[in-house]
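Sequential numbering of the sequence shown, starting at 900, is according to our numbering. From the three backbone atoms N, C-alpha and C, an ideal C-beta is built for every residue, glycine too. The model shown is predicted, which means the values in this text are computed figures rather than measured ones.
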Amino acid sequence: MRTIIIDNYDSFTFNLYQMLVPIVRKLEKNESADVEVFRNDAITLDEVLEKKPTHIVLSPGPGHPDVARDFGVCKEIILSQRKLGAALMGVCLGHQGIAAHLGGEVVRAPEIVHGKTSEIFVEGSPSRIFAGLGNSFEAMRYHSLVAKEDSFPAELKVTAREKKHGLIMALEHKSEPIFGVQFHPESIGTEKGSLMMENFLSI
900 MRTIIIDNYD
910 SFTFNLYQML
920 VPIVRKLEKN
930 ESADVEVFRN
940 DAITLDEVLE
950 KKPTHIVLSP
960 GPGHPDVARD
970 FGVCKEIILS
980 QRKLGAALMG
990 VCLGHQGIAA
1000 HLGGEVVRAP
1010 EIVHGKTSEI
1020 FVEGSPSRIF
1030 AGLGNSFEAM
1040 RYHSLVAKED
1050 SFPAELKVTA
1060 REKKHGLIMA
1070 LEHKSEPIFG
1080 VQFHPESIGT
1090 EKGSLMMENF
1100 LSI
């Protein structure tokens, strides 16, 4: 197992790191196992390929996934996931980027949500990352953008929504290990966020 976080210049990235390290050590049965973190403009796709990661997490961040300076190498990683052979997880901005760069559109949300929890409802056959979470759970949200419903890429499926507006809160690829969550699993306000990330790292 080799896990990499791509940091989109976000303060929550360290929280993700702190959550992932003990999970990696547990799964590897190795107390010295670690997770590597790289800023989105400090590593190239070729350098990522050389590291041969098994899992890549695209962090939250400010800005828009269609803006190169905001998303850096993340776009190339998404488009090269099959070549990388790594499971891919996007959180907040990372999630939006998966939708945007696999053919969808990211738009302004009906309302800005900053530091609020919402009940998230699992849709359809539960995603592998939601194993053990039940049909709904509380999650912390910080975002002003969402994946647009009527432009949602055919190769992706919606795996969770929030109730008020029915907004897309999670997605996954239909055939590749690509997952996205609009909320923040690393937040203390998200129920069983650690289990969610352990499910991802177990793929």
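Pairing K950 with E935 gives a Cβ-Cβ distance under 9 Å. For K950, the enclosing alpha helix (DSSP H) has its first and last residue at 944 to 950. With contact defined as three or more Cβ pairs closer than 8 Å, the stretch 1052 to 1069 and the stretch 998 to 1006 are in contact. Straight across, the Cα-Cα distance linking I977 with G984 is about 11 Å. For T1089, no alpha helix (DSSP H) segment is defined, and its DSSP state is neither H nor E.
Across the structure, P959 and G996 are spaced so that their CA atoms are roughly 10 Å apart.
Looking at the DSSP output, V1021 bridges to A1059. Only residues of its own chain outside the window of five on either side were considered, and among them Q980, R981 have a CB closer than 7 Å to the CB of E1075, listed in chain order. When C-beta atoms of the stretch 1026 to 1034 are compared with those of the stretch 1089 to 1098, three or more pairs fall below 8 Å, so the two segments count as touching. Boundaries of the alpha helix (DSSP H) harbouring L915: 912 to 927, taken from the DSSP string. Within the model, the alpha-carbon separation for M1039 versus P952 is close to 28 Å. In the structure shown, the three-state DSSP call for D909 is coil. In the three-state scheme derived from DSSP, where H, G and I count as helix and E and B as strand, I1102 is classed as coil. In summary, E1085 is buried, with 16 or more beta-carbon neighbours lying within 10 Å of its beta-carbon over all protein chains present.
Burial check for T943: the Cβ neighbour count within 10 Å stays below 16, so the residue is exposed.
Residue state for G1079 is assigned as strand, using DSSP reduced to three classes. The Cβ atoms of P1025 and L992 lie no closer than 9 Å to each other.
Under the three-state reduction of DSSP output, G1065 falls in the coil class, being neither helix nor strand.
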